[in-house]
Structure formats: C-alpha cells, structure tokens
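In full-length UniProt numbering, the protein residues as written are 1 to 664.
Quick look at the structure:
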C-alpha cells in the first residue's frame with residue numbers, strides 16, 4: 001500500500017472495510033507503528049461520551065437495531081419463502097456492505113440473511129445477545145461471553161457478514177482440532193450464504209494453503225497464520241513458497257482471544273534454517289555440551305545454585321561460580337570467558353533439574369517433542385534455543401539435531417497488530433482487559449448470562465503432597481461414578497494424568513485419559529465424556545473450546561462434575577476448566593483440590609516468602625483463606641507474565657529494525 005493510499009484509508013470519515021483490490025492493494029496489511037482506522041460510529045456504538053457501555057442511550061440504540069433485524073428477517077423466515085427471494089436478499093445485503101461497510105442498516109440486512117440461513121441449515125436462530133456480540137465483533141471489540149452462551153455461532157455470524165462484504169476472514173482458534181471441527185460444522189451455513197470455507201492444518205502444503213486462503217472464510221490457528229505470514233515475507237525460491245499464500249491481513253476473528261493474544265504471546269515465532277556442519281565441528285559442539293553437563297552434575301543445590309521452577313531459571317551462587325571456574329580452568333576455549341562459562345552451566349542445570357520428561361517434553365522415536373504448557377498438546381516444530389535443545393537430547397540419549405540460524409521471527413503482539421480489523425471472543429477476558437487495551441487497542445464488552453447459572457462450587461481442599469491428593473480424588477470419583485455423574489478431572493501434566501489413572505485403576509474406576517499421548521483419540525474421548533458414569537482424566541487439552549455434551553441420564557444425576565487439580569498461572573485458566581460444568585443453565589458442580597507443595601514450587605518466583613507461607617500454613621487454613629492465598633500468588637504470576645510479554649515485544653521490534661538494516 002502506498003503512503004497516499006494509507007493516508008486515505010486512515011482519514012476517510014466513512015472508510016470502507018479493508019479488502020484486496022485497487023484501493024487497499026493485493027495484500028492489505030496495516031504497517032507497523034500505525035493506528036487502526038478510527039471508528040466511524042455505528043448504531044450500536046456511536047461516538048461520544050454519552051454512549052457509556054451501561055448508558056441508557058446505548059441500550060436503546062441496541063434494542064432498536066435488534067428490532068430492525070427482526071423486521072428484516074421476518075419475511076425470510078416465513079414458511080414457504082422461495083429460495084430465489086433469499087438469494088436476492090443476500091445479494092442486496094452484500095452490495096450494501098461493499099458500498100458502505102459495517103454501518104447499521106447494511107449489517108441489519110446481512111444479519112437477517114444470516115438468521116434465515118441458520119434456520120435453513122440447522123433449524124436454529126441467534127438470540128439477541130448473540131447478535132449483539134456479533135455487532136461488537138464487527139466494531140473492532142473484544143467480547144466476553146460465558147462458556148455455553150453461543151460464542152461459536154456469534155463468531156460465525158460476524159465472519160459471514162464480513163465475508164459478504166468481500167473481506168477475507170481468518171477465524172483463529174486455539175488448536176487444529178477446534179479449527180477443523182468448526183470449519184466442518186459451519187460449512188452448511190456458509191453454503192446457504194454462497195460463501196466458501198476452508199481449514200488450514202499443520203500438514204497442508206504451500207500449494208494447498210494458497211488455494212485454501214482464497215476461500216471467503218478460513219479456519220486455522222494463530223501459529224499457522226503467523227508462520228505463513230513470515231514465509232510470505234521471505235518468499236524462498238524453490239521451497240514452494242516463492243509466491244505469497246495469504247491474501248493479506250484484512251480481518252482476524254479470534255476464538256479464545258485471551259489465550260492467543262496473551263498466553264501464547266510469551267514465545268516468539270521463529271523460522272530457522274539448518275546450518276551446514278562438518279563432522280569435526282559437530283564433534284566439538286557435542287563435546288562442549290557434554291562438558292557443561294559434567295560440570296553441572298557436580299554442583300549441589302542450594303550451595304552452588306538456586307532454581308526457580310516457575311520461570312525455568314537457574315542462578316549460580318558465589319560459591320557455585322567459584323566452583324565452576326575451578327573445574328573448567330583446564331578446559332580452555334569458550335570456558336575461559338566468564339559469561340559464556342556461566343551460561344553453559346546454567347543451561348545444563350536447567351536441562352537436568354527443571355525440564356522434566358512428560359511435563360515439558362515427550363520422547364518419541366528418539367526425538368524430543370516439546371509440550372505446550374497452555375494446552376497440553378505437542379508443539380509441533382518447536383525447539384529450544386541457545387543449546388538447551390542439545391542438552392536435553394544429550395540427557396535423554398537422543399541423536400543430536402543440527403544447529404540452526406534465524407531467518408525471520410515475529411511475536412503474536414506484532415503480528416496481530418498488522419491486521420486492519422481485529423476482534424475476538426472468550427469467556428475469560430475481564431482480568432486482562434487493561435493489557436489488551438494497552439497493547440492491541442481493543443476494548444471489552446461483557447455479555448450477561450442468558451439463563452442464571454446453576455453451577456455449585458464446592459469448598460477448596462488442600463493436601464500436603466500429590467499422592468495423598470490423587471488417592472482422595474480416586475475415592476471421590478468412585479463415589480460420584482456410583483451416582484451416575486459424568487466426571488472431568490483436570491491435571492497439569494502427562495505424568496500427573498497417568499499417575500491419577502493408576503490410582504483410579506486401583507479403585508476399580510473405569511476411565512479415559514486425554515493427554516498428548518492420546519491426542520489422536522481426542523474427538524472420541526470428548527464425545528463420550530458426557531455419558532452417565534463416564535470419568536475423563538485430562539490435561540489442559542480439555543480446557544478451552546471443549547464442549548462436553550451430556551446425555552439425559554447424566555443430566556438427571558446432576559450434570560457434569562469437574563475436579564480441578566491444576567495449578568494455573570492465571571485465574572482465567574481456572575475459569576476455563578471450571579466453565580466446562582453447568583453450561584447454558586444446566587446443572588453441574590465443581591471442586592478445587594490443590595497441593596501445597598506444588599503451589600510453593602511454582603509461586604516462589606519473585607515471592608519466596610509467599611512460597612514458604614503456602615507450604616507451612618495453607619493446609620490448615622479455611623477455604624476462603626486458601627482461595628485468597630492462591631489468588632495472590634496467581635496475581636503475582638500474572639504481573640510477571642505481563643512484564644515478560646512487554647519485554648518480548650520490545651526485543652522483537654529491535655530485532656526487526658536490525659533485520660531491515662541487514663537487508664539494505
């Protein structure tokens with residue numbers, strides 16, 4: 001886009017939406033360090049102080065817009081309406097959207113068409129709260145809707161309206177499973193509206209991706225989008241990626257927006273290339289890591305080093321630094337430099353003491369596969385940098401991987417800021433609203449519950465060690481299963497889920513385990529999790545986006561019972577797991593069972609006294625004080641993670657400046 005085109009788009013008082021063409025270019029994208037186009041004022045969000053989110057005028061305008069949608073939808077929903085009439089209405093709405101953008105009347109016309117298409121495809125209609133959520137998405141906002149309140153259909157309606165306006169829409173989900181599921185489930189709706197829909201998964205080739213991205217609506221993950229964007233910028237000849245696959249960055253609608261914009265934004269996405277290495281160089285590099293591991297093995301905690309498991313960090317004590325210097329004096333080479341010597345030993349200590357098998361990574365087919373700590377899934381293609389990968393391979397006896405060189409990198413913060421239109425939905429946005437506004441410029445709207453919640457939250461229980469907790473969980477689960485309750489138990493790691501599985505077997509409780517080892521059976525396990533008497537043990541894979549449908553017997557017995565045994569960094573993650581129960585006004589119950597030793601291990605970063613307090617006193621506290629202590633520790637961790645994300649964004653911006661200078 002030329003500077004003149006950019007200025008015209010940003011200053012036009014009634015600027016149409018961004019889409020490929022003469023005005024916005026073949027691949028529209030908002031340049032770095034520019035603001036989003038100003039809001040022009042819509043029926044549901046006119047400019048001015050008098051439209052406070054709780055203000056009377058805003059409420060009346062929203063109700064008037066909803067009434068207009070119902071008025072326009074009535075003829076299309078009448079029995080026996082000809083198909084030709086519906087198609088004419090869709091064509092008329094598309095013309096108005098292309099001409100005027102997301103203004104009130106065109107959006108009302110399009111929403112009426114979406115209502116009619118939903119009725120024909122699924123026999124469903126959007127309720128008023130879903131339509132309002134859709135309108136806020138079209139107005140560059142984030143929307144918080146509780147689990148089970150219809151986020152998927154609200155997102156689908158917004159995507160369809162934008163696609164009718166000619167905008168290529170990227171619907172970004174939390175993982176590949178949800179992207180494929182939603183693309184297949186919503187395909188009939190898109191077909192009714194004359195729109196094409198596609199899904200970009202991990203195994204798609206560049207040619208397949210290029211074709212899929214030509215669809216009107218594309219379901220994929222943030223990781224796939226960001227890497228395709230990086231590869232488009234590199235345009236590597238002979239790789240099948242010498243031509244761009246994306247049609248620009250026009251609109252992204254984020255499902256589970258806080259997970260994508262915050263939780264996954266702590267690690268930059270990097271494209272690297274293997275460096276050619278001679279056998280002698282490979283042997284020297286392998287010997288260096290072996291030496292570091294031998295030196296680290298001779299050190300003792302806490303005399304020589306102190307670990308911080310929450311931050312995966314190791315600090316050498318003065319005694320440890322002196323001991324390392326004494327042990328490496330005869331080695332020479334890189335060991336003569338103090339900074340390099342300390343860094344090598346710290347990496348070796350991290351690999352040996354902090355990175356745990358079946359928690360941070362799996363070993364399959366003699367390869368290290370990293371686990372995403374947020375989702376519990378295998379992070380395909382992700383590796384540790386700065387020698388940490390090689391040290392873990394050495395620890396597990398795996399063949400060494402080749403060294404790499406960084407070709408391009410980007411953070412989610414900088415990537416999603418390049419979209420002309422960014423919006424999203426989640427059930428847990430309120431706690432992070434300030435950071436989302438500061439970094440992405442996105443304001444938040446909270447939607448009320450359509451039906452009162454019937455969820456019963458039991459008191460928090462605390463155990464002194466993990467084995468005592470797993471034994472108690474197994475006993476509690478056996479009692480619940482005897483009542484024909486469907487039970488979901490959330491654990492932290494693969495090893496935790498397998499340990500609990502052993503305890504359940506000892507108590508004769510039939511169950512299913514959903515973790516990274518059984519990710520191929522995810523759809524089957526989730527489909528059966530709502531049956532009466534079914535027990536499902538899951539890592540974080542069963543958190544965001546997982547809809548557990550209950551059968552009539554399970555509902556009659558009291559609905560889904562969730563036992564929360566995770567130690568999450570954020571209250572938002574706790575709410576995601578607990579929100580699996582009692583959706584849409586159905587019955588359900590939850591319990592939170594914590595382990596004081598696990599809490600103290602994770603929450604000592606920046607607050608060692610709090611960690612000691614948790615270990616010594618939490619088991620004897622009342623439930624309220626346990627909850628308050630856990631929330632305080634989570635708040636400390638949330639602030640630390642926020643600072644890390646801001647620091648990472650600054651580093652990414654600096655890296656981009658240096659990369660641009662190098663390309664000149």
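Yeah, the Cβ is synthetic: ideal placement off N, Cα and C, and Gly gets one too. Note that the structure is a prediction, hence the values are computed from the model and not measured.
Expressed to the nearest angstrom, what Euclidean distance is found between the alpha-carbon atoms of residue i and residue j?
i, j, result
"residue 632", "residue 490", "21 angstroms"
"residue 200", "residue 172", "10 angstroms"
"residue 110", "residue 263", "34 angstroms"
"residue 666", "residue 484", "The structure shown does not extend to residue 666, since the chain is modelled only from 1 to 664, so the question has no answer here."
"residue 352", "residue 436", "36 angstroms"
"residue 252", "residue 424", "8 angstroms"
"residue 527", "residue 176", "17 angstroms"
"residue 246", "residue 214", "8 angstroms"
"residue 464", "residue 478", "22 angstroms"
"residue 298", "residue 373", "30 angstroms"
"residue 317", "residue 391", "22 angstroms"
"residue 44", "residue 222", "Here residue 44 scores only 46 on pLDDT, less than 50, and its place in the model should not be relied on; the value that follows carries that caveat. Each residue's alpha carbon lies about 29 angstroms from the other."
"residue 430", "residue 576", "13 angstroms"
"residue 321", "residue 307", "15 angstroms"
"residue 511", "residue 535", "5 angstroms"
"residue 646", "residue 167", "31 angstroms"
"residue 138", "residue 102", "7 angstroms"
"residue 189", "residue 274", "44 angstroms"
"residue 66", "residue 108", "8 angstroms"
"residue 581", "residue 192", "33 angstroms"
"residue 178", "residue 442", "24 angstroms"
"residue 537", "residue 135", "38 angstroms"
"residue 641", "residue 630", "16 angstroms"
"residue 141", "residue 117", "25 angstroms"
"residue 208", "residue 202", "11 angstroms"
"residue 481", "residue 427", "29 angstroms"
If residue i and residue j are in contact, beta carbons under 8 angstroms, what's the gap, nearest whole angstrom?
i, j, result
"residue 637", "residue 569", "5 angstroms"
"residue 174", "residue 256", "4 angstroms"
"residue 454", "residue 586", "7 angstroms"
"residue 196", "residue 228", "Their Cβ separation, rounded to whole angstroms, is 18 angstroms, which puts residue 196 and residue 228 out of contact at 8 angstroms."
Rank the options by C-alpha distance to the C-alpha of residue i and give the top, closest one.
i, options, result
"residue 63", "168, 128, 156, 304", "128"
"residue 404", "421, 416, 418, 381", "381"
"residue 567", "587, 466, 523", "466"
"residue 688", "366, 500, 205, 441", "The question about residue 688 has no answer here: the residues shown for the chain are numbered 1 through 664."
"residue 231", "221, 243, 222", "243"
"residue 335", "575, 302, 295, 357", "295"
"residue 639", "446, 571, 594, 593", "571"
"residue 457", "590, 137, 33", "590"
"residue 529", "517, 520, 549", "549"
"residue 448", "88, 143, 100", "143"
"residue 328", "354, 313, 288, 349", "288"
"residue 461", "370, 596, 428, 657", "596"
"residue 98", "157, 21, 71, 133", "21"
"residue 594", "628, 658, 422, 579", "628"
In this structure, what does DSSP give as the bridge partners for residue i?
i, result
"residue 409", "270"
"residue 699", "Here the chain covers residues 1 to 664 and nothing more, so residue 699 does not appear."
"residue 401", "Paired residue(s): none; residue 401 is not in a bridge."
"residue 425", "143, 255"
"residue 170", "218, 252"
"residue 490", "538, 564"
"residue 197", "217"
"residue 592", "564"
"residue 512", "536"
"residue 368", "363"
"residue 357", "361"
"residue 72", "In the DSSP output, where bridge partners are listed per residue, residue 72 has none listed."
Looking at the secondary structure, which residues open and close the alpha helix (DSSP H) in which residue i lies?
i, result
"residue 212", "206-212"
"residue 312", "No alpha helix (DSSP H) holds residue 312; DSSP gives it neither H nor E."
"residue 443", "Segment 443-446 is the beta strand (DSSP E) holding residue 443; no alpha helix (DSSP H) there."
"residue 393", "388-396"
"residue 90", "83-100"
"residue 136", "128-137"
"residue 279", "279-297"
"residue 577", "571-578"
"residue 103", "Neither: residue 103 is in no alpha helix (DSSP H) and is coded neither H nor E."
Between which two residues does the beta strand (DSSP E) holding residue i run?
i, result
"residue 361", "361-364"
"residue 563", "560-564"
"residue 260", "Careful: residue 260 lies outside any beta strand (DSSP E) and carries neither H nor E."
"residue 689", "What is shown of the chain runs 1 to 664, which leaves residue 689 out entirely."
"residue 461", "461-463"
"residue 435", "From DSSP, residue 435 is part of no beta strand (DSSP E) but of the alpha helix (DSSP H) over 433-440."
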